[in-house]
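Engineer: Quick note on the numbering used here: the sequence shown kicks off at 2 and runs consecutively. Glycine included, each C-beta is placed from N, C-alpha and C at the ideal position. Please read all numbers here as calculations on a predicted model, not as lab measurements. I am attaching a structure below and will ask some questions about it afterwards.
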Amino acid sequence: MEISGILPFAAGIASFLVAGGLVAWISKQQTGTKEMMDISNAVKEGAAAFLKREMKIIVPVAIGLSVIIGAFLQPSNGLAFAVGATLSAVAGVISLKITVKAAVRAAHLSSSGLGKTFAMAFRGGATVGLAVPAMALLAITGLYVIFPDPITIAGVGIGASLIALFIRIGGGIFTKAADMGADLVGKVEANIPEDDPRNPATIADNVGDNVGDAAGMGSDVYESYIVTILAALLIAALIGAPNFFLYPILIGSSGMIASIIGVVIVGSKNITDVMKPLSRSFYVSAAIAIALNFVFITQFIDDSSTAYALFGSTVIGVILVPIIQKITDLYTSYKQSPVKEIADSAKWGYASLTLMGIIKGMQSTGPFMIALVVAIILSYSIASAAAPEGADPVLYGIFGTSLTAMAMLSLAGIVLSIDAFGPIADNAGGIVEMTGMGEENRKVTDEIDAVGNTTKAVTKGFAIASAALAALAMIQAFQFEASHIFAGILVLDYSLTNPAIIVGLLIGGLIPFIITGQLINGVSRAAGKMVDEVRRQFKADSGILAGTSKPDYAKCVDIATVASIKELWKPAIVAILAPIILGILLGPTAVAGLLMGAVVTGILLAYHLANTGGAWDNAKKLVEMRGEKGSEIHKVAVVGDIIGDPYKDTAGPALNTVIKLLNTIAIVFVSAFVAILAI
Numbered sequence: 002m003e004i005s006g007i008l009p010f011a012a013g014i015a016s017f018l019v020a021g022g023l024v025a026w027i028s029k030q031q032t033g034t035k036e037m038m039d040i041s042n043a044v045k046e047g048a049a050a051f052l053k054r055e056m057k058i059i060v061p062v063a064i065g066l067s068v069i070i071g072a073f074l075q076p077s078n079g080l081a082f083a084v085g086a087t088l089s090a091v092a093g094v095i096s097l098k099i100t101v102k103a104a105v106r107a108a109h110l111s112s113s114g115l116g117k118t119f120a121m122a123f124r125g126g127a128t129v130g131l132a133v134p135a136m137a138l139l140a141i142t143g144l145y146v147i148f149p150d151p152i153t154i155a156g157v158g159i160g161a162s163l164i165a166l167f168i169r170i171g172g173g174i175f176t177k178a179a180d181m182g183a184d185l186v187g188k189v190e191a192n193i194p195e196d197d198p199r200n201p202a203t204i205a206d207n208v209g210d211n212v213g214d215a216a217g218m219g220s221d222v223y224e225s226y227i228v229t230i231l232a233a234l235l236i237a238a239l240i241g242a243p244n245f246f247l248y249p250i251l252i253g254s255s256g257m258i259a260s261i262i263g264v265v266i267v268g269s270k271n272i273t274d275v276m277k278p279l280s281r282s283f284y285v286s287a288a289i290a291i292a293l294n295f296v297f298i299t300q301f302i303d304d305s306s307t308a309y310a311l312f313g314s315t316v317i318g319v320i321l322v323p324i325i326q327k328i329t330d331l332y333t334s335y336k337q338s339p340v341k342e343i344a345d346s347a348k349w350g351y352a353s354l355t356l357m358g359i360i361k362g363m364q365s366t367g368p369f370m371i372a373l374v375v376a377i378i379l380s381y382s383i384a385s386a387a388a389p390e391g392a393d394p395v396l397y398g399i400f401g402t403s404l405t406a407m408a409m410l411s412l413a414g415i416v417l418s419i420d421a422f423g424p425i426a427d428n429a430g431g432i433v434e435m436t437g438m439g440e441e442n443r444k445v446t447d448e449i450d451a452v453g454n455t456t457k458a459v460t461k462g463f464a465i466a467s468a469a470l471a472a473l474a475m476i477q478a479f480q481f482e483a484s485h486i487f488a489g490i491l492v493l494d495y496s497l498t499n500p501a502i503i504v505g506l507l508i509g510g511l512i513p514f515i516i517t518g519q520l521i522n523g524v525s526r527a528a529g530k531m532v533d534e535v536r537r538q539f540k541a542d543s544g545i546l547a548g549t550s551k552p553d554y555a556k557c558v559d560i561a562t563v564a565s566i567k568e569l570w571k572p573a574i575v576a577i578l579a580p581i582i583l584g585i586l587l588g589p590t591a592v593a594g595l596l597m598g599a600v601v602t603g604i605l606l607a608y609h610l611a612n613t614g615g616a617w618d619n620a621k622k623l624v625e626m627r628g629e630k631g632s633e634i635h636k637v638a639v640v641g642d643i644i645g646d647p648y649k650d651t652a653g654p655a656l657n658t659v660i661k662l663l664n665t666i667a668i669v670f671v672s673a674f675v676a677i678l679a680i
C-alpha cells in the first residue's frame, strides 16, 4: 500500500496512542477524599445504569435495521450500518467514562489553583477529542478500502446518525429533566445553592451532565465526521475522477495530526485566562491542518490547477471554524454585550429576560447564515471554475463545498477537546460544592465552567454548520443516485413548478419544528416528574433540608432514566419514516424537496435554540459573578437558565443529527421511492 493509503490508518492509531497516554496520566492523579469518590462513584453508577437501560432498547433496533438493510438493499450497507451504529455507541461510552474519571480529579486539584485544575479538565476532554474522531476516520477508511464504491457503504451514516440521535435525545432529556428539577425546587423554591448535597436531584443532575453533554456530544461529533466524509466520497464518486477519491480521507488525516499537536502544546503553567491556551491550541492546529492539506494534495493527489482549487476549498473550511466560533462567542459569552443585556434585563422580571434571550438568539442566526452562504459561494465558485475540460463544473463545485465541510470536521479532534472539558469542569464544581471544599475551590471550578459553557455552545455551532454543508452535498448525491436508478422510468423534475417539490419543501420545513416540540415537551414532562419527587422528599423528611438526613439520590436518577427513555421513539420515528413514506408516495423529487426544506429551517432553528439557551445560561453565571446570588435578580436569571436548558442541550443539538439522518436515509432507500401517487 502506498504512503497516501497508510496515512489515515497511521493518523488514527497515533491519535489513539496519545489518548491512551492521557488516560494513563489522568489515572495516576489523586482522586481526593473518600467522600469525593463516593459522589463520583454514584455519578458513574447512575450514568452506567442509564446507558445500560438505553442500550437494551437501541441494540435490538440496530440489529434489526442492519439485517433489513443488508437483506433488502445491499449486504455491504447492512455491515456498514452495524459498524456506524456500534462505534457511535462506543463514542458515547468513551466520552462518559473519561468525563467521570477526570471530574473527581479536577475537583481535588482545585485546591492547587486554576492551572492544574484546567490541565486536568482539558486533558480529560482531549482524551475524548482524540479518540472519537480517530474511530470515525478508521471506520470510514476501512470500509472504503473494502468497498470502494461509497454508495454501497452509505449505511454507515444511518447507523452513526440513528444511534447518535438516540443518545442525544435520551441524554438531553435526562440531563435537562434533572437540571430543571434540581433548580426549580432547590434554587428557586428552597433557596439552596446549586449542587447542594441536600438536593435529591443533585446526583441525577451530575449524571445528566455526563450522559447529555459528554456521551451525547461524543456520539454527535463522531456521527458528523462520518456523514461529512461520506458526503465528500459520494460526490467524488459521481465526478468519476479516481485521483481525487482519497483526498477527503487525507483531509481527515491532516486534521487528526494537527489536533494531536494542538493538544500536546497545552500546559498548566501561568494560566490566568482559561480561554487563551484554548484559543492558541486551536489556531496552531488550524495552521498545521492547512499546511498538511497542501502537502497531501500536491504530493499524493495532483499538482494541477484543479488540485489547487480544491485545496482552496479546504482553506475556506478551516477558516470558517473560528468565524463560527467568534459569532457563537459573541452571542453566548458572559463577556460580550448580548449576554450582558440579557443579564441586565433580569431586573425587570421574568418576561423581560425571556424576551431578551429569544431576541438575541434570533439575531445570532443572521451573521451565522451569512458566513455559511459566503463559504458555500466561495468554495463552489473556486472549484467549479477549475473543473477540467469536459468535466461537469457543477459537480466539481459541489465537491469543493463538500471538502469545505470535511476541512471543518477534520478539526473535530481539537474542537471536541475544547468542548469536552466543559462537562468535566461542571461535574468538578458539583463535587466541590457537595463536599464543602470551600469558596476558593468553587471559584476555580466556576471560572473554568463559565468558559466551558461558551465552548459547549461553540461546538454546537460547529456541528450545526458542518451539518448544513454536508447536507448540501448529500442532497446532490441523492439526486444523482435517483437519476441513475430511475433513468427511463420516472421523469425527475426538480423545479419549483413541480407540486411534489413544493409538498416536500413544506413537509421538510415542518419536521424540525415537530421534533423540537416533541423534545421540549419530553423534557417538560420528565422535569415535572422530577419536581414532584424532590418536593415529595423535602415534605416527607424535614431532616433533608436541615442537613441531618440523606436524600434518596437513586430515586431521582431512576425517574430521569425512565422518563428520558420513554421519549426516545417519537423524534426517531419521524426522521426515519418521513423520507421513506414521502418517497414511496410521491417519488424522489418530493424527497429532494423534503431534504432541502429540513436544512433551511432546521439549521436556523438549531442555531437559534443553541445560542438562546447558552446565552441564558451565561447570563445567570454573570449575575452570580456580580455577587448577586440569592437575590430576586438571580432567581429571575435562574428561571431563564431553566427555560434555556431544553433549548441548548436537547432540541438544538438533536436537530443537526436529524438533518443528517434524513439525508442518509434518503440515499440508502432511494431505490424504494417508486412514486405510487402521480401529481
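Could you spell out where the alpha helix (DSSP H) holding D180 opens and where it closes?
Structural biologist: Looking at the DSSP string, the run of the alpha helix (DSSP H) that includes D180 is 156 to 182.
Engineer: Hey, P572 and I516 are a contact pair by Cβ (cut 8 Å); roughly how many whole angstroms apart?
Structural biologist: Going by Cβ atoms, the distance from P572 to I516 rounds to 5 Å, so yes, they are a contact pair.
Engineer: Apart from the five residues on each side of it in sequence, which residues of its chain come closer than 6 Å, Cβ to Cβ, to Q519?
Structural biologist: Excluding positions up to five away in sequence, the list reads K571, P572.
Engineer: Of the residues M597, V267, V524, which one's Cα is nearest the Cα of L507?
Structural biologist: Of M597, V267, V524, the residue nearest in Cα terms is M597.
Engineer: Can you look up V146 in the DSSP assignment and give me helix, strand or coil?
Structural biologist: V146: helix per DSSP, three-state reduction.
Engineer: I'd like to know whether the C-beta atoms of I577 and L163 end up nearer to each other than 9 Å.
Structural biologist: Contact: yes.
Engineer: Going by the CB atoms, is the gap between A384 and F400 shorter than 9 Å?
Structural biologist: Yes, the Cβ-Cβ distance between F400 and A384 is below 9 Å.
Engineer: Under 9 Å, do G158 and V60 count as touching if we go by C-beta distance?
Structural biologist: Going by C-beta atoms, G158 is not nearer than 9 Å to V60.
Engineer: Sort V62, Q326, A72, A469 by Cα distance to I1 and report the nearest one.
Structural biologist: Residue coverage of the chain in this structure runs from 2 to 680, which leaves residue 1 outside it and unanswerable.
Engineer: Would you say K361 and A616 are within 9 Å of each other, going by their C-beta atoms?
Structural biologist: For K361 and A616, yes; Cβs fall inside 9 Å.
Engineer: Within 8 Å, do at least three Cβ pairs link the region 284 to 295 to the region 41 to 52?
Structural biologist: Verdict: no, contact absent.
Engineer: Mind listing, in chain order, the continuous alpha helix (DSSP H) runs of no fewer than 4 residues lying wholly within the region 258 to 328?
Structural biologist: For the region 258 to 328, whole alpha helix (DSSP H) runs of length 4 or above, ordered along the chain, are 276 to 297.
Engineer: Relative to the C-alpha of L354, which candidate in T366, A527, A471, K341 has its C-alpha closest?
Structural biologist: Closest by alpha carbon: K341.
Engineer: Do L321 and A466 come within 9 Å of each other at the CB atom, strictly closer than that value?
Structural biologist: Yes, the Cβ-Cβ distance between A466 and L321 is below 9 Å.
Engineer: Compute the distance between the beta-carbons of A165 and S220, then report whether it is under 9 Å.
Structural biologist: Against a cut-off of 9 Å, the Cβ pair of S220 and A165 comes out as a contact.
Engineer: Let me check understanding here. Comparing Cα to Cα, which of A308, A561, I502 lies closest to A387?
Structural biologist: Looking at the Cα atoms, A308 is the closest of the given residues.
Engineer: Could you give the residue range of the alpha helix (DSSP H) that holds Q519?
Structural biologist: It spans 500 to 541 - the alpha helix (DSSP H) in which Q519 sits, taken as one unbroken run.
Engineer: Using the beta-carbon count (16 or more within 10 Å), is G65 buried or exposed?
Structural biologist: By the neighbour-count rule (16 or more Cβ atoms within 10 Å), G65 is not buried but exposed.
Engineer: Contact defined as beta carbons within less than 8 Å: I believe M276 pairs with V416. What is the distance between those atoms, to the nearest angstrom?
Structural biologist: 14 Å between Cβ atoms; not a contact.
Engineer: How would you write the range of the alpha helix (DSSP H) that P243 sits in, first residue to last?
Structural biologist: Taken as a continuous stretch (DSSP letters only), P243 belongs to no alpha helix (DSSP H), as it is neither H nor E.
Engineer: Kindly indicate the opening and closing residues of the alpha helix (DSSP H) around V681.
Structural biologist: The chain is shown only over 2 to 680; residue 681 falls outside these bounds and no answer can be derived.
Engineer: Tell me which same chain residues have a C-beta within less than 6 Å of the C-beta of G71, skipping the five on either side of it?
Structural biologist: Closer than 6 Å at the Cβ level, and outside the excluded window around G71, lie G79.
Engineer: Can you have a look at P151 and say buried or exposed, based on whether 16 or more other CB atoms are within 10 angstroms of its CB?
Structural biologist: It is buried - the Cβ of P151 has at least 16 other Cβ atoms within 10 Å.
Engineer: Kindly indicate which three-state DSSP category A137 falls into: helix, strand or coil?
Structural biologist: Helix, per DSSP.
Engineer: With distance defined between alpha-carbon atoms, name the residue in S543, G462, A15 nearest to M370.
Structural biologist: The option with the nearest alpha carbon to M370 is G462.
Engineer: When the Cβ atoms of the region 230 to 238 are set against those of the region 191 to 199, are three or more pairs found closer than 8 Å?
Structural biologist: The region 230 to 238, when compared against the region 191 to 199, does not touch it at the 8 Å Cβ threshold.
Engineer: For N657, does the three-state DSSP call read helix, strand or coil?
Structural biologist: If DSSP states are grouped into helix, strand and coil, N657 belongs with the helices.
Engineer: With three or more C-beta pairs closer than 8 Å as the rule, is the region 116 to 133 touching the region 418 to 428?
Structural biologist: Judged by Cβ distances under 8 Å, the region 418 to 428 makes contact with the region 116 to 133, as three or more pairs qualify.
Engineer: Around the Cβ of R443, are there at least 16 other Cβ atoms within 10 angstroms (buried) or fewer (exposed)?
Structural biologist: With 16 or more other Cβ atoms within 10 Å, it is buried.
Engineer: Please work out which residues of its chain come closer than 6 Å, Cβ to Cβ, to A120, disregarding the five sequence neighbours upstream and downstream, and give them in chain order.
Structural biologist: These residues qualify, in order along the chain: S269.
Engineer: Could you work out which residue in D542, Y226, I324 is closest to V374 when comparing CA atoms only?
Structural biologist: Comparing Cα-Cα distances from V374 to each of D542, Y226, I324, the minimum goes to I324.
Engineer: Should the region 258 to 273 be regarded as contacting the region 140 to 151, the criterion being three or more beta carbon pairs within less than 8 Å?
Structural biologist: Touching, no, given that fewer than three Cβ pairs across the two stretches are closer than 8 Å.
Engineer: With a 10 Å radius around its C-beta and 16 neighbouring C-beta atoms as the bar for buried, classify I40 as buried or exposed.
Structural biologist: So I40 counts as buried.
Engineer: Taking only the alpha-carbon atoms, compute the straight-line gap between A50 and V105 and give it to the nearest angstrom.
Structural biologist: Rounded to the nearest angstrom, the two C-alpha atoms are 19 Å apart.
Engineer: Between I343 and G358, how many whole angstroms is the CB-CB distance? I'm expecting something under 8 Å.
Structural biologist: Between G358 and I343 the Cβ distance is about 5 Å, and since that is below 8 Å, they are a contact.
Engineer: Under a Cβ-count criterion, where at least 16 other Cβ atoms within 10 Å of its own Cβ denotes burial, should F73 be classed as buried or exposed?
Structural biologist: Looking at its Cβ environment, which holds fewer than 16 other Cβ atoms inside 10 Å, F73 is exposed.
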